[in-house]
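Reading through the structure tokens given below for one structure.
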Ligand SMILES: [Zn+2]
Ligand SMILES: [Zn+2]
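Written out as structure tokens, the structure reads:
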């Protein structure tokens with residue numbers, strides 16, 4: 005997953021807000037606040053500009069991070085509004101940290117209809133295509149390296165080829 009793809013997750017409105025916040029704060033600090041402050045009197049002009057840019061980048065990065073959480077939670081079929089609010093309102097960035105610990109895995113795409121579905125799903129909720137190998141006896145998901153189905157005990161692929169059915173192609177493919 006490249007950084008470019010990850011930046012694509014951030015909604016455009018968050019990028020615009022981050023840019024406006026950065027420009028507004030940087031200009032306000034460099035033009036007004038820093039030259040008038042007693043603390044920065046001894047600082048050369050270049051240092052004042054660098055300080056203003058650095059201080060303005062922090063809220064801009066914060067807005068981008070919140071936008072990323074919104075878009076990433078949405079992409080992962082999580083409650084994205086709730087997670088964005090938690091990231092904003094739980095203090096000390098704990099909401100942000102919790103999101104990155106608890107976020108669901110990235111969705112997979114159904115090979116038949118292309119729907120974006122949760123990685124844990126066995127069947128596509130849109131077209132019922134099997135997304136993982138299933139037990140030939142009870143129809144529940146099994147992993148490829150299991151010799152027996154954990155739900156009904158039926159032997160799977162080991163010694164019995166074909167017991168684990170590969171994802172079947174539906175008899176009547178729906179037109180897209
Ligand atoms: Zn599907
Ligand atoms: Zn079974």
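In the numbering used here, the protein residues as written are 5 to 180.
No residue lacks a Cβ here, since even glycine has one placed at the ideal position from N, Cα and C.
Here the structure is a predicted model, which means the values were calculated and not measured.
{"query": "Residue 70 burial status per 10 Å Cβ neighbour count (16 or more: buried)", "result": "buried"}
{"query": "Through-space distance from residue 131 to residue 55, alpha-carbon basis", "result": "56 Å"}
{"query": "Collapsed DSSP secondary structure at residue 152 in the structure displayed", "result": "strand"}
{"query": "Stretch pair the region 61 to 75 + the region 36 to 44: three plus CB contacts closer than 8 Å", "result": "no"}
{"query": "C-alpha gap between residue 43 and residue 67, whole angstroms", "result": "28 Å"}
{"query": "DSSP three-state assignment for residue 138, whether helix, strand or coil", "result": "strand"}
{"query": "Residue 126 vs residue 136 beta-carbon contact at 8 Å", "result": "yes"}
{"query": "Contacting residues, own chain, Cβ-Cβ under 6 Å from residue 57 (five flanking each side not counted)", "result": "30"}
{"query": "Heavy atom of ligand 1 within 7 Å of residue 133 beta-carbon", "result": "yes"}
{"query": "Proximity test, residue 126 beta-carbon vs ligand 2 heavy atom, cut-off 7 Å", "result": "no"}
{"query": "Reduced DSSP category for residue 113 - H, G, I as helix; E, B as strand; rest coil", "result": "strand"}
{"query": "Secondary structure of residue 145, DSSP reduced to three states", "result": "strand"}
{"query": "beta-carbon residue 136 near ligand 1 non-hydrogen atom, thresh 7 Å", "result": "no"}
{"query": "CB-CB length for residue 75 against residue 15, believed under 8 Å", "result": "6 Å"}
{"query": "Residue 12 to residue 159 span [Cα, whole Å]", "result": "45 Å"}
{"query": "Residue from 26, 104, 134, 147 with nearest C-alpha to residue 117", "result": "134"}
{"query": "Distance cut-off 7 Å: residue 116 Cβ against heavy atoms of ligand 1", "result": "yes"}
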